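Heads up: the structure comes next, in structure tokens.
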Amino acid sequence: MTFNPGAVLAPSIDWLNANFHGVFAVVTQVIETVLGGIESALLVLPAGAVIAIVVVLAFFAAGLWVAVLALGCLGFCWIGGLWQASMQTIALVVVAVAIAVAIAFPLGILAARRARVEATLRPVLDVMQTVPPWVYLIPAVMIFSLGRVPAIIATIVYGIPPMLRLTTLAFRGVPNDLKELGQAIGAKPRTILWKIELPAAMPTLLVGLNQCILLSLAMVVLAGLVGAGGLGAEVTRGLTRMEMGLGLRAGLAIVAVAVLVDRLTRGALDPKPQLP
Amino acid sequence: MESNEVLIDCRSVWKVFGERSREAIGAITGRGLGKQQVLREFGCVVGVSDASLQVRRGEIFCVMGLSGSGKSTLIRLLNRLIEPSLGTVTVKGRDIAAMDAATLRETRARHIGMVFQSVALLPQRTVLENAAFGLEVQGVGREDRNRAAEAALAKVGLSDWIQRYPRELSGGMQQRVGLARALTADPEIILMDEPFSALDPLIRRQLQDEFRQLAKDLGKSAVFITHDLDEAIRIGDRIAIMKDGVIIQDGTAEQIVMNPADQYVVDFVAGISRLHLVKAHSVMIPVDQWRRQWPGVSLDSLPQCSPDADIDALIGKITGTGSDAIAIADNGRIVGVVTTRSLLLGVRGDAEPRAAA
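So the protein sequences, as listed, match chains A and B. Reminder that position 166 of the first sequence reads as 166 in the UniProt record's numbering, one-by-one numbering, no gaps. Reminder that position 345 of the second sequence reads as 345 in the UniProt record's numbering, one-by-one numbering, no gaps.
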């Protein structure tokens, strides 16, 4: 006897497609618009100017070393002839991470407060993390067809678990006496959340954000398979044409972007004068 | 500043922890079960059992107990950080269990300050911002709250440190910030949950004296939790001794030392120096008993002390004057006599047996 969950899932996705086409069209439209906006914002200035701005910002936000690193990483993308693809990838990651955080952050807080919510979410997260990521691409493509939108959807699904888990961990880890303090001075629950819990949870939250960004980057590259464009498309092209040079260049550009994003978030989010 | 106005009135309060606490409470009220039976029948831990206490305006009330005695639970029942299972707690005449969330917040913000053993300072905020935090969450404007916080920090001697971060301060200074934060909101009652326990002995004594002075100067009432009887005696106007969730004795330090309620208290007070604790009125013998023992000596020839003179002062008087006895005069009337014998018994913590020959 065999059991094929796809036999159940495929018709339901067809049904969704037939009956909620309008909804998906709107989603596609919104994501495409935001994505296009960010992409053109990144590409409107010449590459040299963008690099200069990032380097200066990195210097003030995270110090000299990160600024030098930013120069090296972005410089590599530029001279490697992959500037446009890199910016497209960064735009994809920004949108995917923003949406993943918007979903994972409130759910993570809820899971930290209620054991039952966490118990319900945990197996779902386990599945989300262990299913090979390109499996998400199939239904995403079935619903949204090829392009950047299914790539983003699959990336969001992949980016949610680390952010959600670490949000829960971060809020669990807020010292009880700080929460008691909030209650004892008569603070409202919302005030306790924003002024006591959030600052105390921040270091762990930042780790979550960092993980979310890096995993999203990995997924966005994979999504080159479904026509997401960007560096993923270059890698795919290198693979299908067996072009070692292109594949390697695109691969190294991805590493450069990943290292840059990682150091930038860590540096900017680990401020020197504050937080012990 | 001391008056008879009761600010916190805690009556027969119980706190039962555990999944079956509701049933356990039913059994306590219905069948009069005790702590042990509750644990055996329902698997519930009784944190506080039938505790009653009253804190009056201007009074420092110490609750002394070892870890696990329920003292930290008890203090949290007073501002409803923990909900009582049974019994009532009234603050300034209002039952806090009946308050809605907004009223409870208002009461905590305005009337009951709290200082924690762990200090609980927010690391990303300066000393000033920490001290002003209570007013900040109440929505007081920056200038007003900073002014109040600066005044409170000045009272605890931290005026030069207001722009520093907590991690730059020593443990003792951090706890001063905690105290200043509680004072900034100007509550009538301050709950002190083992505030000085983590400090080294010298700093601790200094803070104890300062805290008592400050509380008395400002007319604050305080409930002060400690596991250290010396501390309770130094600070407290009255002391309650807790064991296994039960208040086994309460009274002034002198009452507790001179008349311990049971062997547990006896053991506790054994090491306590009586020199400054026990007063003349507790060790003196009646005048006629003294006359019978020393028929030839005139009462007027004896040096005199007040009934509030402590043993240390009495020893000073006896060694200084060379007399064997001191007449204790209250408003010019002689109410008793302290002899060297009664004084020695007092040092040991025993009262002179009244009928002794």
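Think of the CB as a built atom: it goes at the ideal place given N, C-alpha and C, for glycine as much as any other residue. Because the structure is a prediction, the values reported are computed rather than measured.
Open item on the list: Using a Cβ distance threshold of 8 Å, determine whether the region 78 to 98 of chain A contacts the region 155 to 166 of chain A, with at least three qualifying pairs required.
Closed with: yes
Open item on the list: Taking only three categories from DSSP, how would you classify methionine 1 of chain B?
Closed with: The count along the second sequence starts at 1 and reaches residue 1 of chain B at position 1. The pLDDT assigned to methionine 1 of chain B is 45, lower than 50, so where the model puts this residue is not dependable; a value taken from the coordinates is nonetheless given after this. Residue state, collapsed to three classes: coil.
Task: 4 or more residues per run - each alpha helix (DSSP H) lying fully within the region 133 to 201 of chain B - done: 133 to 137, 142 to 155, 171 to 184
Task: Residue ranges of each alpha helix (DSSP H) within the region 153 to 237 of chain A, 4 or longer - done: 176 to 184, 198 to 222
- [ ] State the DSSP-derived secondary structure class of leucine 146 of chain A, mapped to helix, strand or coil.
- [x] Position 146 of the first sequence, counted from the first residue, corresponds to residue 146 of chain A. Leucine 146 of chain A falls in the coil class under three-state DSSP.
Open item on the list: Based on DSSP bridge pairs, tell me the residues matched to alanine 240 of chain B.
Closed with: Position 240 of the second sequence, counting from 1, holds the residue named residue 240 of chain B. Note: alanine 240 of chain B sits in a beta bridge opposite B/Val63, B/Asp250.
- [ ] Would you mind reading off the limits of the beta strand (DSSP E) that contains residue 374 of chain B?
- [x] Absent from the model: residue 374 of chain B. The displayed extent of chain B is 1 to 357, so no value can be given.
Task: Interface partners of alanine 120 of chain B on chain A, CB under 8 Å - done: Within the second sequence, the letter at position 120 stands for residue 120 of chain B. Going along chain A in sequence order, the residues near alanine 120 of chain B (Cβ under 8 Å) are Pro175, Asp177, Leu178, Glu180, Leu181.
Open item on the list: Looking at the secondary structure, which residues open and close the beta strand (DSSP E) in which leucine 334 of chain B lies?
Closed with: Mapped onto the second sequence, residue 334 of chain B falls at position 334. Reading off the sequence, residue 334 of chain B comes out as isoleucine, not leucine. Element bounds for isoleucine 334 of chain B: 333 to 339.
Task: Reference proline 195 of chain B; option with closest CA among B/Ser298, B/Met258, B/Ala120, B/Gly139 - done: Your numbering for residue 195 of chain B matches position 195 in the second sequence. That would be B/Ala120, whose Cα lies nearest to the Cα of proline 195 of chain B.
Open item on the list: Which residue marks the beginning of the beta strand (DSSP E) containing glycine 47 of chain B, and which one marks its end?
Closed with: Along the second sequence, one-based indexing puts residue 47 of chain B at 47. Segment 45 to 56, the beta strand (DSSP E) holding glycine 47 of chain B.
TODO: Spell out a yes or no on whether the region 217 to 228 of chain B and the region 187 to 203 of chain B are touching, meaning 3 or more CB-CB pairs, one atom from each, closer than 8 Å.
DONE: yes
Open item on the list: Can you find the residues in the same chain that come closer than 8 Å, C-beta to C-beta, to serine 118 of chain B, ignoring five residues on each side of it along the sequence?
Closed with: The count along the second sequence starts at 1 and reaches residue 118 of chain B at position 118. Closer than 8 Å at the Cβ level, and outside the excluded window around serine 118 of chain B, lie Ala198.
- [ ] Output the distance between the C-alpha atoms of residue 280 of chain A and valine 68 of chain A, rounded to the nearest integer angstrom.
- [x] No statement about residue 280 of chain A is possible, as the shown extent of chain A runs from 1 to 276 and does not include it.
Task: N- and C-terminal bounds of the beta strand (DSSP E) containing aspartate 9 of chain B - done: Stepping through the second sequence from its first residue, residue 9 of chain B is reached at position 9. Note, aspartate 9 of chain B: beta strand (DSSP E), 6 to 17.
Open item on the list: Strictly under 8 Å for the Cβ-Cβ distance: is alanine 151 of chain A near chain B by that measure?
Closed with: By 1-based counting over the first sequence, the position of residue 151 of chain A is 151. No, no contact with chain B.
- [ ] Using DSSP bridges, identify the partner residues of serine 221 of chain B.
- [x] As a position in the second sequence, residue 221 of chain B is number 221, starting the count at 1. According to DSSP, which records beta bridges pairwise, serine 221 of chain B is partnered with B/Ile189.
- [ ] Give the DSSP-derived three-state secondary structure of threonine 107 of chain B in the structure shown.
- [x] Position 107 of the second sequence, counting from 1, holds the residue named residue 107 of chain B. Helix at threonine 107 of chain B.
TODO: Measure from the C-beta of threonine 204 of chain A to each C-beta in chain B and report whether the shortest distance is under 8 Å.
DONE: Translated into the one-based positions of the first sequence, residue 204 of chain A becomes position 204. Answer no: the Cβ-Cβ gap between threonine 204 of chain A and chain B never drops below 8 Å.
Task: Where the beta strand (DSSP E) through threonine 88 of chain B begins and ends - done: For the purposes of this step, residue 88 of chain B is taken as the residue at position 88 of the second sequence. Where threonine 88 of chain B is concerned, the enclosing beta strand (DSSP E) stretches over 86 to 91.
TODO: Taking valine 115 of chain B as the reference, give the member of B/Arg147, B/Leu191, B/Glu150, B/Glu41 with the closest Cα.
DONE: Position 115 of the second sequence, counted from the start, is the residue given in the question as residue 115 of chain B. It is B/Leu191 whose Cα lies nearest to the Cα of valine 115 of chain B.
- [ ] Give a yes or no on whether the C-beta atoms belonging to glycine 113 of chain B and alanine 182 of chain B are separated by under 8 Å.
- [x] The sequence position of residue 113 of chain B within the second sequence is 113, counting from 1. The sequence position of residue 182 of chain B within the second sequence is 182, counting from 1. Yes; because the gap between Cβ atoms is below 8 Å, this pair is in contact.
Task: Residues from the region 238 to 269 of chain A in contact with chain B, defined by Cβ distance under 7 Å - done: none
TODO: Let me know the secondary structure DSSP gives glycine 48 of chain A once reduced to three states.
DONE: By one-based count along the first sequence, residue 48 of chain A stands at place 48. Correct three-state label for glycine 48 of chain A: helix.
Task: Proximity of isoleucine 328 of chain B and methionine 258 of chain B at Cβ, strictly below 8 Å - done: Against the second sequence, residue 328 of chain B aligns to sequence position 328. Against the second sequence, residue 258 of chain B aligns to sequence position 258. Taking 8 Å as the Cβ cut-off, isoleucine 328 of chain B and methionine 258 of chain B do not qualify as a contacting pair.
- [ ] Please state if the CB of alanine 97 of chain B and the CB of threonine 88 of chain B are separated by a distance shorter than 8 Å.
- [x] Along the second sequence, read from residue 1 onward, the residue named residue 88 of chain B stands at position 88. Along the second sequence, read from residue 1 onward, the residue named residue 97 of chain B stands at position 97. Yes, the Cβ-Cβ distance between threonine 88 of chain B and alanine 97 of chain B is below 8 Å.
Task: Positions along the region 87 to 121 of chain A whose CB lies within less than 7 Å of some CB in chain B - done: none
Task: C-beta atoms of cysteine 44 of chain B and serine 21 of chain B nearer than 8 Å - done: By 1-based counting over the second sequence, the position of residue 44 of chain B is 44. By 1-based counting over the second sequence, the position of residue 21 of chain B is 21. Yes, the Cβ-Cβ distance between cysteine 44 of chain B and serine 21 of chain B is below 8 Å.
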